[in-house]
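Which chain is which? The protein sequence lines are A and B, in order. Mapping the first sequence onto our numbering, position 163 (from 1) lands on 247, and the numbers just tick up by one. Mapping the second sequence onto our numbering, position 156 (from 1) lands on 212, and the numbers just tick up by one.
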Amino acid sequence: MTTSKEKDTQQGRITGNAPPIVSQQEWEAARQELLVKEKAFTRSRDALAAERRRMPWLAVEKKYEFDGPKGKVSLLDLFEGRPQLIVYRAFFEPGVFGWPDHACRGCSLGADQVAHLAHLNARDTTLAYASRAPQGDIARLKARMGWEMPWYTITDSFDVDFGVDQWHGHNVFFRDGGRVFRTYFINNRGDEAMGTTWSYLDITPLGRQETWEDSPKGYPQTVPYKWWNWHDKYGAEASPDPKWVRISDAGEAAFRKDDADAKES
Amino acid sequence: MIDLMKDQIAAPPRVIDRSTFHAELDALRVREKAHTKEGEAIAAARRRLPMVAVDGATPLIGESGAVTLLDTFEGRGMLLAYYFMWNPGRPAPEQCEGCAWVTSQVRELSYIHSRDVTYATFCQGPYEESARYRGFMGWDMPWCSAQGSLETLLVGRRVHDLGTGGR
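Shown next, in the form of C-alpha cells:
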C-alpha cells in the first residue's frame, strides 16, 4: 500500500535531463550569473510599481452598498478610515464549485496566501474580500478556513462596474476625505502574485511609502526597515523604536559592506 | 483621519473618464505582462541551474531531537529552507525583526506540499530557545536548529552575529 506521502513523492521525480552536479565554486558562479537577471527583474518590478503610482485616477461617483458583519456599509466604510483600499472579488456563492462548504478553489488558494494584515494596515492600506454569498455563509467559511480578512457581501452592480462579475480581480481605491477614486485593477495571472505585504503595496497609488522609491514629489515616504514591527505591536508602541533603528542600521551597513567586498574581490 | 491629499500629495494624478482609465491600464498591462514573462524565463533558467551535492547526513536538531538534513525533506523531493538568524539567550523583542517579517509572510503550506516541496526554517541558534520563540510567534512551519552545521549549510556565506547588530 502506498501512503499519501509516498504518492506525493512520486510526482517530483526527474526522469531525465537533470541538471549537472557541480562543485560549490561552479554552482556559486552559475548562481551569481542568474542573480544578475534576478536583480534586473526586481528593478523592473520597482519601475512598474513607480508607473502605477503615476496612473491617472477614475472618480467613483456611484454609491455602493455592501453587507458587512454589522449590517449595511458603503464603499467608503470599507477603507476603515485608511486612505487606501484593495478589494478582491472572491467567488463564493450558490452555483460556484465547492458551495456551500468552500469558496472557489483558486480564490481559496489566494486567500491562503494573504500575509498578516497588520503590516499592510501600518502603511495606511486596507485589504477586503467581497463575494455574493450572504454574511452568515462568509462568517462560517472564514472560521472553517482560518481566514481573518474583512469580507463583505456585494449587493449591487459593484462587481459589474469594476470588472469582477465574471472573474476574480483586485481593484485598488484611494480616498480623499469622502471622495473615492479607482486607481488600479489587476486580474488573471496578476492575482497570482498577490499575498505578501509587498505585493499589495506595489499596486497601491502610494506604494511602499519608502524613501528609495521613485514617487511623484510630495508623496508620503519614510526610511525603509524602520517602520516594520511585530504584527501584534503596531500601534501599541511608538514607531520607530530607537533600539530597532540601531539594530536595522547596523544590519544594513553589514549587508552593504558584504556587497562592496563582493564587488572588490 | 489622515487627509493625505491635502497634507502630503501636492499634485495628485489626473482624474479621467472610464474609457481613458481602461486605455491607460491596457497600456501598462502590456509592460506588466512582459515582466511576468521575464519572471517565467528566469524561473525556467533556475530549473536548469546546476546542483551541488550536500551531505544528507548533515546533523540538525528538530522537534524530536537529532535529525539529518535528509529527514527534514519529510519524504518529499524538494526542500526550501529559510535561514533564520538568532541572538542567543536574548528575549523575543531582541530577535531579528527582518527574519520575523519574512517568516510571518509564510502562510498555508499544503499547496507546496502537493507539489512535492517541504518548507522548513533552519535557525542559527539552539533548538530549545528558538522553538519557544516560534511557539510565541504562533508559527507552525517545521523548525530546526542548524547551529551545529552552519559551516556546511552556509558555505561561502558569512555568518552574521546578530547580537552585535549584524557585524
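Yeah, the Cβ is synthetic: ideal placement off N, Cα and C, and Gly gets one too. Computed from a predicted model, the values in this text were never measured in an experiment.
Min CB distance B/Thr128 to chain A below 8 angstroms: Sequence index remark: in the second sequence, residue 128 of chain B carries index 72 (1-based). Not closer than 8 angstroms to any Cβ of chain A, the Cβ of B/Thr128 fails to qualify, so no.
Interface residues of the region 86-107 of chain B facing chain A [CB-CB below 9 angstroms]: Arg87, Glu88, Lys89, Ala90, His91, Thr92, Glu94, Gly95, Ala97, Ile98, Ala101, Arg102, Arg103, Arg104, Leu105, Pro106 and Met107
A/Asn255 (DSSP reduced to helix, strand or coil): As a first step, residue 255 of chain A is located in the first sequence; it is residue number 171 there, counting from the start. In the structure shown, A/Asn255 sits in a strand (DSSP, three-state: E or B).
Contact set for A/Asp286: own chain, Cβ-Cβ below 6 angstroms, skip 5 residues either direction: In the first sequence, residue 286 of chain A corresponds to position 202, counting from 1. Correct list, in chain order: Ala133.
Collapsed DSSP secondary structure at A/Arg138 in the structure displayed: The residue labelled residue 138 of chain A in the question sits at position 54 within the first sequence. Looking at A/Arg138 - three-state DSSP - the assignment turns out to be coil, as it is neither helix nor strand.
Same chain, Cβ closer than 6 angstroms to B/Glu130, five either side skipped, listed in chain order: Locating residue 130 of chain B in the second sequence gives position 74, counting from the first residue. Correct list, in chain order: Thr174.
Integer Cβ distance of B/Glu11 from A/Trp312, believed to fall under 8 angstroms: Outside the shown range of chain B (57 to 223) lies residue 11 of chain B, about which nothing can therefore be said.
Distance between A/Lys156 and B/Ile98 (C-alpha atoms, nearest Å): As a first step, residue 98 of chain B must be located in the second sequence, where it is residue number 42. As a first step, residue 156 of chain A must be located in the first sequence, where it is residue number 72. Rounded to the nearest angstrom, the two C-alpha atoms are 47 angstroms apart.
Span of the beta strand (DSSP E), counted from its first residue to its last, around B/Gly199: On the second sequence, position 143 is the one that residue 199 of chain B refers to. For the record, residue 199 of chain B in the displayed sequence is Trp; it is not Gly. Where B/Trp199 is concerned, the enclosing beta strand (DSSP E) stretches over Trp199 to Ser201.
Proximity of A/Ala212 and A/Met229 at Cβ, strictly below 8 angstroms: Translated into positions along the first sequence, residue 212 of chain A becomes position 128. Translated into positions along the first sequence, residue 229 of chain A becomes position 145. No, they are not a contact pair.
Nearest residue (CA-CA) to B/Arg85, options A/Phe258, A/Leu225 and A/Asn271: By one-based count along the second sequence, residue 85 of chain B stands at place 29. When each option's Cα is compared against that of B/Arg85, the closest is A/Asn271.
Three-state secondary structure (DSSP) of A/Ser283: What you label residue 283 of chain A is simply residue 199 of the first sequence in a count that begins at 1. In the structure shown, A/Ser283 sits in a helix (DSSP, three-state: H, G or I).
Three-state secondary structure assigned by DSSP to B/Tyr183: Here residue 183 of chain B corresponds to residue number 127 of the second sequence, with the count starting at 1. Of the three classes helix, strand and coil, the one that applies to B/Tyr183 here is helix, per DSSP.
Among B/Glu164, B/Ser166, B/Ile117 and B/Arg188, the one whose alpha carbon lies nearest that of B/Pro147: Mapped onto the second sequence, residue 147 of chain B falls at position 91. It is B/Arg188 whose Cα lies nearest to the Cα of B/Pro147.
Nearest candidate by alpha-carbon position, reference B/Ala79, set A/Ser332, A/Phe269 and A/Gly261: Numbered from its first residue, the second sequence carries residue 79 of chain B at position 23. Of the listed residues, the one whose Cα sits closest to B/Ala79 is A/Phe269.
Residue interval of the alpha helix (DSSP H) (run including A/Gln168): As a working mapping, residue 168 of chain A is identified with position 84 in the first sequence. Careful: A/Gln168 lies outside any alpha helix (DSSP H), inside the beta strand (DSSP E) at Gln168 to Arg173.
Amino acids of chain B, ordered along the chain, whose beta-carbon sits closer than 7 angstroms to that of A/Glu122: What you label residue 122 of chain A is simply residue 38 of the first sequence in a count that begins at 1. Residues of chain B passing the Cβ test: Ile98.
Per-residue DSSP class, three states only, for B/Pro68: As a working mapping, residue 68 of chain B is identified with position 12 in the second sequence. Correct three-state label for B/Pro68: coil.
Opposing strand residues paired with A/Thr209 [DSSP bridges]: As a first step, residue 209 of chain A is located in the first sequence; it is residue number 125 there, counting from the start. According to DSSP, which records beta bridges pairwise, A/Thr209 is partnered with A/Gln168.
Residue range of the unbroken beta strand (DSSP E) whose run includes A/Val264: Start at 1 with the first residue of the first sequence, and residue 264 of chain A comes out as number 180. Residues Arg263 to Asn271.
At least three beta-carbon pairs within less than 8 angstroms, the region 193-201 of chain B to the region 117-126 of chain B: yes
Distance, A/Ile331 Cα to A/Asp275 Cα: Start at 1 with the first residue of the first sequence, and residue 275 of chain A comes out as number 191. Start at 1 with the first residue of the first sequence, and residue 331 of chain A comes out as number 247. Spanning the two alpha carbons is a distance of roughly 35 angstroms.
Per-residue DSSP class, three states only, for B/Phe140: Here residue 140 of chain B corresponds to residue number 84 of the second sequence, with the count starting at 1. Strand at B/Phe140.
From A/Tyr303, A/Thr295 and A/Asp316, residue whose alpha carbon lies closest to that of B/Pro69: For the purposes of this step, residue 69 of chain B is identified with residue 13 of the second sequence, where counting begins at 1. The option with the nearest alpha carbon to B/Pro69 is A/Tyr303.
Exposure label - A/Gln109; buried when at least 16 CB within 10 Å: The residue labelled residue 109 of chain A in the question sits at position 25 within the first sequence. Per the 10 Å Cβ criterion, exposed.
Proximity of B/Gln161 and A/Ala277 at Cβ, strictly below 8 angstroms: Position 105 of the second sequence, counting from 1, holds the residue named residue 161 of chain B. Position 193 of the first sequence, counting from 1, holds the residue named residue 277 of chain A. Contact flag unset, no.
Touching by the beta-carbon criterion (3+ pairs, under 8 angstroms), the region 176-193 of chain A and the region 206-220 of chain A: yes
B/Pro149 beta carbon near the ligand HEM (any heavy atom closer than 7 angstroms): Absence of the ligand HEM is noted for the structure shown, with no ligands found whatsoever.
Cβ neighbours of A/Leu160 in the same chain (closer than 8 angstroms, five flanking residues each side left out): Along the first sequence, read from residue 1 onward, the residue named residue 160 of chain A stands at position 76. Correct list, in chain order: Arg259, Gly262 and Val264.
8 angstroms Cβ cut-off: residues of chain B touching A/Ser107: Locating residue 107 of chain A in the first sequence gives position 23, counting from the first residue. Val108, listed in chain order.
Within 7 angstroms of chain A by C-beta, residues of the region 183-212 of chain B in sequence order: Val211 and Gly212
Beta carbon of A/Asp240 nearer than 8 angstroms to that of A/Glu149: Here residue 240 of chain A corresponds to residue number 156 of the first sequence, with the count starting at 1. Here residue 149 of chain A corresponds to residue number 65 of the first sequence, with the count starting at 1. A contact, by the Cβ cut-off of 8 angstroms.
Reference B/Met193; option with closest CA among B/Val158, B/Pro182, B/Ile65 and B/Leu206: As a working note, residue 193 of chain B is residue 137 in the second sequence. It is B/Val158 whose Cα lies nearest to the Cα of B/Met193.
Contact set between B/Gln161 and chain A, taken where Cβ atoms lie within less than 7 angstroms: Looking up residue 161 of chain B in the second sequence gives position 105. Going along chain A in sequence order, the residues near B/Gln161 (Cβ under 7 angstroms) are Ala199, Thr280 and Thr281.
Pair within 8 angstroms by beta-carbon distance, A/Val256 and B/Pro106: Here residue 256 of chain A refers to the residue found at position 172 of the first sequence. Here residue 106 of chain B refers to the residue found at position 50 of the second sequence. No.
Nearest candidate by alpha-carbon position, reference B/Thr177, set B/Val211, B/Ser186 and B/Ser170: Sequence index remark: in the second sequence, residue 177 of chain B carries index 121 (1-based). Per the Cα distances, B/Ser186.
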